[in-house]
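Working notes, beginning with the structure itself.
Residue numbers (this note's numbering), protein chains in the order written: chain A, 23 to 275; chain B, 179 to 245.
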């Protein structure tokens with residue numbers, strides 16, 4: 023069986039387990055609501071009865087920077103969470119249920135089995151993120167001002183790279199783990215290590231999370247770059263996938 | 179109170195509300211069809227309907243149990 027056949031089966035699986043639906047719903051909802059909330063939150067606060075009139079001066083008029091800030095904050099939190107949640111069970115659950123053993127009796131390599139899973143998850147994230155970005159761009163355009171396409175595309179590309187880092191690590195955890203509980207633990211361990219160390223100053227410049235602030239700077243016409251973080255992120259993705267394939271090849275399923 | 183400004187806000191939220199509604203409907207259909215869930219079915223129905231947005235997602239992630 024070739025890669026395309028297994029990939030198709032995995033895409034069907036994405037639909038059957040509602041993974042695709044969840045990722046798309048969450049991304050699109052935040053893509054649309056982020057610029058809208060940035061625009062209207064000050065109005066909503068002003069509308070609360072009993073708020074003294076003078077306080078209105080403390081809510082500055084929202085700008086396109088607020089819209090982008092909301093979008094990046096929401097997508098970074100929920101995107102990373104979804105990358106972990108949607109991926110951490112994909113291998114270990116098939117091992118627990120015995121469907122992996124059954125599937126691997128067919129002429130399909132274990133590398134194909136893993137990479138098809140990763141590729142189908144990637145497609146789900148790319149499509150969902152694309153729709154969300156389109157929605158966010160349009161809402162920002164009608165509520166604030168148009169933002170340049172190039173940098174906005176780059177921002178979303180950088181966010182995707184971070185999601186793929188967590189997806190690859192979560193897939194590795196799912197491959198190593200013997201039980202679902204351990205896979206969950208490993209997925210969140212990766213969040214603590216990568217997210218935690220990445221939040222520290224200086225060293226954080228080399229961690230995936232840095233790509234969010236680089237993306238923000240791009241959209242807001244800043245000059246900030248973080249190429250090392252990008253190369254390291256891509257390196258983590260490749261290393262995690264390679265490690266997962268090597269582990270899975272030797273594993274008793 | 180700035181009611182006009184508030185009313186302006188509503189149309190922008192309609193697509194998000196539609197997404198939420200679709201999630202709720204699909205989650206409820208799945209719940210009705212499924213034989214086994216983790217925890218009682220009626221509780222999941224309440225969570226799906228009442229917990230804004232997160233409810234159906236939590237059901238999809240942890241509530242379902244394979245036959």
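Using N, Cα and C, we set each Cβ at its ideal position, and we do this for glycine too. Predicted model only: the values in this text are computed from it and were never measured.
- request: Please classify residue 232/A: does DSSP put it in a helix, a strand, or coil?
  value: Residue mapping note: residue 232/A aligns to position 210 of the first chain, counting from 1. Of the three classes helix, strand and coil, the one that applies to residue 232/A here is helix, per DSSP.
message: Quick check on residue 30/A: does DSSP put it in helix, strand or coil?
response: For the purposes of this step, residue 30/A is taken as residue 8 along the first chain, with counting starting at 1. When DSSP states are grouped into helix, strand and coil, residue 30/A belongs to the helix group.
task: Would you list, in chain order, the members of the stretch 189-201 of chain B that have their beta-carbon closer than 8 Å to a beta-carbon of chain A?
output: Here the close residues are 190, 191, 193, 194, 197, 198, 200, 201.
9 Å Cβ cut-off: residues of chain A touching residue 207/B: Within the second chain, residue 207/B is the residue found at index 29, counting from 1. Chain-order list of chain A residues neighbouring residue 207/B: empty, with the shortest C-beta distance near 11 Å, by a criterion of under 9 Å.
- request: Could you check the C-alpha separation between residue 190/A and residue 68/A for me, to the nearest Å?
  value: As a working mapping, residue 190/A is identified with position 168 in the first chain. As a working mapping, residue 68/A is identified with position 46 in the first chain. As the crow flies, the alpha-carbon of residue 190/A is around 44 Å from that of residue 68/A.
- prompt: Taking Cβ-Cβ distances shorter than 9 Å, what residues in chain A pair up with residue 183/B?
  reply: Taking the second chain and counting its residues from 1, the one referred to as residue 183/B is at position 5. The contacting residues are 62, 65, 66, 68, 69.
query: Going along chain B in order, which residues have a C-beta closer than 9 Å to the C-beta of residue 44/A?
result: Counted from its first residue, the first chain places residue 44/A at position 22. Contact note: residue 44/A reaches chain B through 201, 234, 235, 238, 239, using a C-beta cutoff of 9 Å and chain order.
- prompt: Is any beta-carbon of chain A found at less than 9 Å from that of residue 204/B?
  reply: Position 26 of the second chain, counted from the start, is the residue given in the question as residue 204/B. Interface residue, yes.
message: Just to make sure I have the definition right: I need the residues of chain B whose C-beta is within less than 8 Å of the C-beta of residue 40/A. Which are they?
response: If you number the first chain from 1, residue 40/A lands on position 18. Those are 204, 208, 238, listed as they occur along chain B.
- request: Note the first and the last residue of the continuous alpha helix (DSSP H) segment covering residue 23/A.
  value: One-based indexing of the first chain puts residue 23/A at position 1. Per DSSP, residue 23/A lies in no alpha helix (DSSP H) and is assigned neither H nor E.
message: Run through chain B and tell me which residues come within less than 7 Å of residue 54/A, C-beta to C-beta.
response: In the first chain, the residue the question calls residue 54/A occupies position 32. Residues of chain B with a Cβ closer than 7 Å to the Cβ of residue 54/A are, in chain order, 193, 194.
query: When you compare only the Cα positions, how much space is there between residue 179/B and residue 191/B?
result: Counting from one through the second chain, the residue named residue 179/B turns up at place 1. Counting from one through the second chain, the residue named residue 191/B turns up at place 13. Here residue 179/B scores only 47 on pLDDT, less than 50, and its place in the model should not be relied on; the value that follows carries that caveat. Rounded to whole angstroms, residue 179/B to residue 191/B spans 20 Å at the Cα level.
- request: Please name the residue in 181/A, 194/A, 42/A whose C-alpha comes closest to that of residue 102/A.
  value: If you number the first chain from 1, residue 102/A lands on position 80. The option with the nearest alpha carbon to residue 102/A is 181/A.
message: Please classify residue 247/A as buried or exposed, where buried requires at least 16 neighbouring CB atoms within 10 angstroms.
response: Here the question's residue 247/A lines up with position 225 in the first chain. The residue in question, residue 247/A, is exposed, as its Cβ has fewer than 16 Cβ neighbours within 10 Å.
- prompt: In or out: residue 163/A buried (at least 16 other Cβ within 10 Å) or exposed?
  reply: To locate residue 163/A, count along the first chain from 1; it is residue 141. Answer is exposed; the Cβ neighbour count stays below 16.
- prompt: Nearest-angstrom Cα distance between residue 42/A and residue 169/A?
  reply: Reading the first chain from its first residue, position 20 is the one you call residue 42/A. Reading the first chain from its first residue, position 147 is the one you call residue 169/A. Straight-line Cα distance between these residues: approximately 28 Å.
field: Stretch-stretch touch, CB-based, cutoff 8 Å, three pairs: the stretch 198-214 of chain B with the stretch 228-242 of chain A
entry: Segments in contact, no.
task: Confirm, please, whether the CB-CB distance from residue 88/A to residue 51/A is below 9 Å.
output: Here the question's residue 51/A lines up with position 29 in the first chain. Here the question's residue 88/A lines up with position 66 in the first chain. The beta carbons of residue 51/A and residue 88/A sit no closer together than 9 Å.
- prompt: If you follow the alpha helix (DSSP H) that residue 148/A is part of, which residue opens it and which one closes it?
  reply: For the purposes of this step, residue 148/A is identified with residue 126 of the first chain, where counting begins at 1. Annotation: the continuous alpha helix (DSSP H) that includes residue 148/A extends over 132-165.
- prompt: Around the C-beta of residue 116/A, are 16 or more other C-beta atoms found within 10 angstroms, so that it is buried, or is it exposed?
  reply: Your numbering for residue 116/A matches position 94 in the first chain. It counts as buried.
- request: Assign residue 119/A to one of three DSSP states: helix, strand, or coil.
  value: Here residue 119/A corresponds to residue number 97 of the first chain, with the count starting at 1. Helix at residue 119/A.
message: Against chain A, with Cβ distances strictly below 9 Å, would residue 179/B count as a contact?
response: Counting from one through the second chain, the residue named residue 179/B turns up at place 1. The predicted position of residue 179/B is uncertain, since its pLDDT is 47 and thus under 50; a value taken from the coordinates is nonetheless stated next. Residue 179/B counts as touching chain A.
query: So what does DSSP say about residue 179/B, is it helix, strand or coil?
result: Against the second chain, residue 179/B aligns to sequence position 1. The predicted position of residue 179/B is uncertain, since its pLDDT is 47 and thus under 50; a value taken from the coordinates is nonetheless stated next. Correct three-state label for residue 179/B: coil.
- request: Confirm the yes/no value for this check: CB of residue 151/A, any heavy atom of the ligand ZN, distance under 8 Å.
  value: The ligand content of the structure shown is nil, which means the ligand ZN is not present either.
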